[in-house]
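Encoded as structure tokens, the structure appears first; notes follow it.
This is the structure we're talking about:
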């Protein structure tokens, strides 16, 4: 039966016939008929678990694999309809995919498996105790250690990493603050401060006039002519003292293991 001529509401007898053909001879036609018939069911289940996430198409494909597995393993003698057998199989495949493939941070499998059990335990204990259960009560209920419950609850927050552009709050002026704004970055100021400290120590190797020249020409940004006028010496004299002072600083810094100027 072609895809175009496939009835929208195939009968139970037709479905069982396709299943038998697929299991006995790997019939492509039977497989196509079954996949087309149950496509909407798989997509409906996938939407429930993807909730609009980017991996929705992946979940649909995983659901289809679950459907194919159910088609191959279904036994009419069990007394259940194929749908009753297929749906848990499809859901199981999707849950395994979500458990193993969609975590943004690597988490041990035992933690992934404990997470759903904790959720179920919290629901059961909340109903029983009429209040939120403690970590110790959850651990006792599941027969695990308190530390395992805490670890699973903490690691559960790593299920999906946030984008660095994720908005977390707003500045007082109304502008958006993202994770990029609060994550530490390399601050060139630290390196500059370190270099200034090295130079400051090296300045001790200079005499008074050399320190004055360096102070005026480098720190106060005066020209050699302006520095000479302030000190009452010629520009040429300033130039000679400056070169001599720089050479002393370089030698002192290099000998101390610092960087050269």
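In my numbering, the protein residues as written are 49 to 309. Beta carbons are placed, not taken as given, at the ideal position from N, Cα and C, and that holds for glycine. Everything numeric in this text was worked out from a predicted model, so none of it was measured.
In this structure the stretch 89 to 99 lies against the stretch 131 to 143, because at least three pairs of beta carbons, one per stretch, are closer than 8 Å. One thing to note: residue 262 has its Cβ no nearer than 7 Å to the Cβ of residue 289. In summary, residue 126 is exposed, with fewer than 16 beta-carbon neighbours lying within 10 Å of its beta-carbon over all protein chains present. In the pairwise beta carbon analysis, the stretch 251 to 260 is classified as touching the stretch 294 to 301: at least three pairs are separated by under 8 Å. Inclusion of residue 190 and residue 169 in the CB contact set at 7 Å is warranted, their separation being smaller than that value. Contact annotation, residue 287 with residue 269: C-beta distance approximately 16 Å; criterion of less than 8 Å not satisfied.
The three-state reading of DSSP puts residue 103 in coil, since its state is none of H, G, I, E or B.
Residue state for residue 74 is assigned as coil, using DSSP reduced to three classes.
Distances from the alpha-carbon of residue 279 to those of 295, 259 and 291 put 259 closest. Taking C-alpha positions only, residue 97 is separated from residue 107 by approximately 8 Å. For residue 59, the secondary structure class from DSSP, reduced to helix, strand or coil, is coil. Residue 113 and residue 82 have their C-alpha atoms some 13 Å from each other. Using a 10 angstroms sphere on the CB of residue 284, the tally of other CB atoms stays under 16, which defines it as exposed.
Taken through DSSP and simplified to helix, strand or coil, residue 170 comes out as helix. Contact between residue 67 and residue 122 holds: their C-beta atoms lie close to 6 Å from each other, under 8 Å. Distance between residue 163 and residue 196, taken at the CA atoms: about 10 Å.
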